[in-house]
Each structure stands twice: as C-alpha cells, then as structure tokens.
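Protein chains in written order, with our numbering: chain C, 1 to 326; chain X, 327 to 652.
No residue lacks a Cβ here, since even glycine has one placed at the ideal position from N, Cα and C.
This structure is a prediction, so every number in the text was calculated from the model and none was measured.
In what follows, a single structure is set out as structure tokens and then discussed.
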DNA sequence: GCACTGCATCAAAAAAATCTATTCAGCATT
DNA sequence: AATGCTGAATAGATTTTTTTGATGCAGTGC
C-alpha cells in the first residue's frame, strides 16, 4: 500500500481548481503556472486512486461525485490547517494561552495570588497555571520547561536560568505580639541567638539562615524545625520562639499576632525576582505577567515608602517597619 | 506578514520529536536522517514565530508550554489528514459514498425503486441520490458528472457516453380493459393508426413513436398529447384512446385497468441500459449498483420466461404478454 | 579531565515543484 | 467539413526544497 503522500499545497491547488471548475483559473488565482495545478491534481488522483475530475476538452473540468466528497473533506482540512496557523500566530503575538508559573512557598501564600487576581482580570484569555515548589524542583521545572516563570529568590540558580531581581529583602526577626522583644524597634542577631529559634527547615533556606549567624560568629538556638510555613507561624504566634523571614507579610491575615523586627547588623539580603530560562524569548503572556509584577512592586513601594526596595541587590541591609513573612 | 507555510510532513516530524522528546529518536522512527527532523522543527519555529522546544544539551528536548499547545493542534491536524487519506482510500476501494443516479421517467416509477430497495439493504453505507430526468438533461448531467449512472434508453446518446444495454424492449400498445381491442392477443400498427392516440409528448420519445408509424407508411391519429406519464395512463384507462410504451408495467399498481398488446409488425425496439461516462472507471458503489441491476433483470427474465429479452439489440420484434409502460 | 550524547550547522546530492513551450482533443464558427 | 480557439496534459529545463553524511559544539556523566 502506498504511503498516501499528499501535501497541503496540493490540496489547496485541487480545491481552488474544483471551486472554479478550471485549472487555468486556479493557476491565475494562486499565482502559479497552469501545469503546477495540473500536476498537483494528477498527483492527488494518483495517491488516492480516485478520479477527482472529469476533463471537458476546451471547457474546463467538473468534479466527479467522488471528487465532490473528497473536496469537502479536503476543504475542511485546509480550513483547519489555516486555523492552526492562525492559532500559532496568535500564540506568538497575542497575550493568550497557558502560562505556567512556579512560586517559591513564601510567595504563593499572599503575593502571587494578589498579582494573579489583577492579571486574570486584565487578561481573561490567559490561563495561569500556578504551582508552589521548593527551589530545587522549581529550578528543575524551569529547565524542563514545565514552567515558564519562577517567582523566587536568587538562591543557587544555575547559569542556564536568568534571574531578574525585583526587590531586595533583608531578613527580619518575627516574634509574637506577647514576646519580650515585641516592643523593640529593632533587635540584634546577638540577642536573637539567645532566644529559641523556630527554623523553617527548607533545603536551601536553612543554609541561608544559618549563614546569617555564622557570618557574625554566632550560633542560633534551634528550638524547633518545621517544613511548614504556617506551622512555623503558629509556633511563633504562640510564643514558642522567634523566627527569621525575608518576605513582607503585610495584609496576610495569618500574621495577626506577629511582629516583624528589623535586625541591627548589616546582613546579606535575599533578592526576590523572576527566574526564567536563559536565552528564551518570553511568550506575550509571560511578558505581560512580568510587567504586572513590576507594576505591583512599584505600587507597593509607593504605598510603603519607608520600606527599602531595590531592583538591584544592594550590598548592605536596610531597616523598615513592614512585616516580613520569610 | 509571512505566508505561514508549513507542510504536513514538517508537522509530523515535529510531533514525533515532541512525543519522544528527541530529534534523534524521531529520525530513527521515521527512517530519515536527524538533520531532516531538526530542520523541519526549525522551519516550524520560524514560520510560527514560536519557540516550540527547549534544547537540553546531550539530553534531548522538551516542548515549551507553547510547544505543547501547538503540538495538540498539530497532532489533531495530522489525525485529520490521515482520516482524509483513509477516506479517499475507502472511496476508491469500498462500496460506500454517494452514488448519483439519473433515471428516465419511465424507469423511476417502478423499476428503479425496486432495484434501489434491494441495493440499499445490501449496501447501507451507500447513499443513493436518484433523480428523474429526460434524455437531454440526463445526457448533460452525465457529461457534467452530476450523475455517475443513467438508467435510460439508447436514444441519441453521444459518443462520450458509453451505454451498456440490459434489455431490448419492443413497443406495446396499451389500451383500457374496456377498449374494443382489449381482448385481442395482438394488434397491428395499421389498426392502431385508426384509433385515437394518447401520445407521450417527450422530446426524444415522440420522434421514436412517430418513426414507428412512418416506417410503415402510416400516420397516427394523435388525439391527445401530454408530458405526464400518469396522465397518459389515466387517459388510456378512461378510454380516451390507446398509447404506446416500451416499458414493462408488471406490478405497477396504476396499471389496474390497462392491457398491453403486442404489435404484429416487426418494429425497432428500444434498448434499456446503463449509461455512463466513456473511459471512466466506475466507483465501487456504481459497479455494485450495475451488478444489482443485472441480477434484477436476470431474475425478471426467469420469472417471465415468455418475455423476450436480449442484452444486445436485435433487429426485429418479438411478442409476449407482459405489460409495458413506455 | 575525557569520552559521550544529542542537536545544530554545513555543503553536496537528491528529489520535488515550478516554469516555459508545446501538444493534443474537442468545441464553435464559418 | 475545415479551421481556429480553448483549456488541460505533457516535455524538458530550471529552480527550490528536502535530505543526507560529516562536522561542530555545548553540556552531561564517569
């Protein structure tokens, strides 16, 4: 059996010839020579084994009954090919399609949903698929192209992933409103080292928090470890200890009994930003999403103008009064 | 804007590469070289403006989110192309599709429906589109390929139409059961010429009937003319005159009060048969239909073995007692 | 480091599509 | 009936596209 090879071009030539009952007319309309149409039709008749046309000498041709049936389906296929082309074109130019975003656990709780809401209102034809992943899986996910964007910290990112920083976040101490340190305007790492620490035991974050103490020659008093952010918050809220976070918690309903204290020592901050695959042009949807995030960050800075933010990572630390989450 | 030209082959290469996350694997599966797959994908990425794959050095590739969306639609298009190919293949080999048949008015009343019934039971996947046409339009319809088959008489058929005779039908005189000639076993044209004639006034038929008289040096007494077969029958049944027909009427319910009388003179009979376009191979459905007709004719001959039938047109006339309609 | 994997690139060859010119068969006119 | 006309098929040359083997190159994994 033959491999039944025909091309879309041949189908188009055939279809136009069928519509106008003329090879010559089709050739004119398609800006090709008459033999091109002729041979395309002959080829189709060859591979299908059908007699598509009856040739009327000196007066064009007519579709056979089989030709009519084949024509209908062929026209349909051409229509769908055209629609595929348009679909591809819209995917590459319009803000539409599916946008897969991976968020680090501390951003998926409050920041991402808030950005998402505005984005979805603005671009209803984009379906945003959002997942919470830890740094390792997030990096892998971006490399495997499972996610186009990652909203995360600049931690252990390989060279194959580009990172656009949005805001530099220094670590904060978080204590409950009943905590002895709760009324302080700031606190030193030396003081904190004495207190029981509720540590977020996440693969990459842990090393970062430990390094903050080690860089000052201190050793934290790790009273509790947990993989759950909400559990850590609960522990701190109930006075089991203090914790360290880099994420602003403003507007987070679960931070009712928590206070964030700036730290007196200059500590290396974490940059929160957008991670994506190196050398990959963004889809229109992703670009729009990044724009939205930037706008959100800019508004946030205006609304909290005491809060230190920088789009590039500064060497030192800065203090303010906004509650962090991570 | 680009003409967005891609081929089905390129889509297939892309799809298989996407399914196996590998250019090399796709090349093996499709029995082509690796660069062929590669260039097809690059071409698609070029014309669509999409980044379909992320290349992982030394470990294949993965579809981007856009690539996945494009893949789904591309796969669908390929599926439909395949289905078109199979459709064409089945059209050319299986007994299916639409069969358009044109029938001369005298055969569409009783003969064609009866054949049709058996055929439709036997081949339910064939849709038979049946129309009643006079010779001129029937010929034109076949030439224009509006109908694949014509069931008609061998009258004025041009060389571009092939005719396969099924049965040779001599003319009969038809009178009402109350007619003075009704009890005769046969009748001569000379006798008939005296009687009032109800003539079927059809473009080609008329000349034929007239020629029957003229060939014997007679002149008919044309009392009535009509374009309607049923009206002619009604006139004859009501004793307004006799008529001439070549078609057996057996089993025709409207022939209750009619009697067919063989004619004594040897007259040139008409051949009823299948007309179709010269040099055109029949569709399987048409071939099956012709087979059915032949079988029907053969059975008819057995059931009425006094009835003279010949698959080739004999020079002379023959007598029998079966009722004709035309 | 070093071999290996797997895609992209290059240039040459093969295949296919296209073009111009011509042939051919039937229609239409005289 | 002869002749010109129309419109599809064919032939051969040309251009374009596809394919291929060889090679390059970047990252993986030992």
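- Message: Would the stretch 47-58 of chain C count as touching the stretch 597-616 of chain X if we require 3 or more Cβ pairs under 8 angstroms?
- Response: yes
- Task: Any chance you could list the beta strand (DSSP E) runs of at least 3 consecutive residues sitting entirely within the stretch 172-217 of chain C, in chain order?
- Result: 172-176, 196-200
- Query: Out of curiosity, what's the CA-to-CA distance linking residue 239 of chain C and residue 97 of chain C?
  - Reply: 47 angstroms
- Message: Buried or exposed for residue 405 of chain X, going by 16 or more other Cβ atoms inside 10 Å?
- Response: exposed
- Message: On the DSSP bridge list, what partners appear for residue 47 of chain C?
- Response: The partner list for residue 47 of chain C (beta bridge, DSSP) is empty, contrary to what the question assumes.
- Query: Which word fits residue 88 of chain C, buried or exposed, when buried means at least 16 other C-beta atoms lie within 10 angstroms of its C-beta?
  - Reply: buried
- Name the DSSP beta bridge partners of residue 221 of chain C, please? C/196
- Selection of the stretch 134-148 of chain C by Cβ proximity to chain X, strictly under 7 angstroms: 144, 145, 148
- Complete runs of the alpha helix (DSSP H) confined to the stretch 368-453 of chain X [at least 4 residues]: 391-419, 431-434, 437-448
- Message: Judging by CA-CA distance, which residue of C/92, C/24, C/162 is the nearest neighbour of residue 288 of chain C?
- Response: C/92
- Query: Mind checking if residue 283 of chain C is an interface residue toward chain X, Cβ cutoff 7 angstroms exclusive?
  - Reply: yes
- Partner residues on chain X for residue 330 of chain C, Cβ-Cβ distance less than 9 angstroms: Lying before the first or after the last residue shown, residue 330 of chain C is absent from chain C, which here runs from 1 to 326.
- Could you tell me which of C/127, C/100, C/19 sits nearest to residue 64 of chain C, measuring between CA atoms? C/19
- Message: Measuring CB atoms only, is the stretch 494-507 of chain X touching the stretch 550-568 of chain X, in the sense that at least three cross pairs come out at less than 8 angstroms?
- Response: yes
- Inter-stretch contact at 8 angstroms, needing at least 3 Cβ pairs: the stretch 619-628 of chain X / the stretch 518-527 of chain X: no
- Message: Output needed for residue 478 of chain X: all residues of its chain with C-beta closer than 8 angstroms, excluding positions within five of it in sequence on either side, in chain order.
- Response: 428, 429, 430, 433, 461, 464, 598, 599, 601
- residue 171 of chain C classed as buried or exposed, judged by whether at least 16 other C-beta atoms fall within 10 angstroms: buried
- Message: Taking 7 angstroms as the threshold (beta carbon to beta carbon), is residue 88 of chain C in contact with chain X?
- Response: yes
- Item | Identity of the residues DSSP links to residue 491 of chain X by a beta bridge | X/599
- Item | Buried/exposed call for residue 109 of chain C, threshold 16 Cβ in 10 Å | buried
- Task: Find the residues of chain C that neighbour residue 388 of chain X, judging by a C-beta separation of less than 7 angstroms, and give them in chain order.
- Result: 144, 145
- Which residues in chain X sit within 9 angstroms of residue 158 of chain C, going by Cβ to Cβ distance? Those within 9 angstroms of residue 158 of chain C in chain X number zero; the least Cβ separation is about 13 angstroms.
- Message: Starting from residue 350 of chain X, trace the alpha helix (DSSP H) in both directions and tell me its first and last residue.
- Response: 349-356
- For residue 349 of chain X, the nearest candidate out of X/445, X/333, X/368 (CA to CA): X/368
- Query: Of all Cβ atoms in chain C, is any one closer than 7 angstroms to the Cβ of residue 426 of chain X?
  - Reply: yes
- Item | Straight-line Cα distance separating residue 332 of chain X from residue 457 of chain X | 43 angstroms
- Query: Which two residues bound the contiguous beta strand (DSSP E) that contains residue 259 of chain C?
  - Reply: 258-261
- Using a C-beta to C-beta distance shorter than 7 angstroms, which residues of chain X count as neighbours of residue 51 of chain C? 606, 607
- Whose Cβ in chain X lies nearer than 9 angstroms to the Cβ of residue 39 of chain C? By Cβ distance, chain X contributes nothing, its closest Cβ being about 17 angstroms from residue 39 of chain C, past 9 angstroms.
- Query: So, helix, strand or coil for residue 476 of chain X, using DSSP?
  - Reply: strand
- List the residues that DSSP assigns as beta-bridge partners of residue 569 of chain X. X/500
- Item | Residue-level contact to chain X via CB, residue 103 of chain C, 7 angstroms cutoff | no
- Task: Kindly indicate the opening and closing residues of the alpha helix (DSSP H) around residue 143 of chain C.
- Result: 135-143
- Would you mind stating whether residue 10 of chain C and residue 162 of chain C have Cβ atoms separated by less than 7 angstroms? no
- Item | Nonlocal neighbours in the same chain, by C-beta distance under 8 angstroms from residue 242 of chain C, ignoring five residues either side | 173, 174, 175, 179, 181, 192, 195, 196, 197, 198, 236
- Task: Can you say whether residue 653 of chain X is buried or exposed, counting buried as having 16 or more other CB atoms within 10 angstroms of its CB?
- Result: Residue 653 of chain X cannot be examined here, being either before or after the span of chain X that is shown, 327 to 652.
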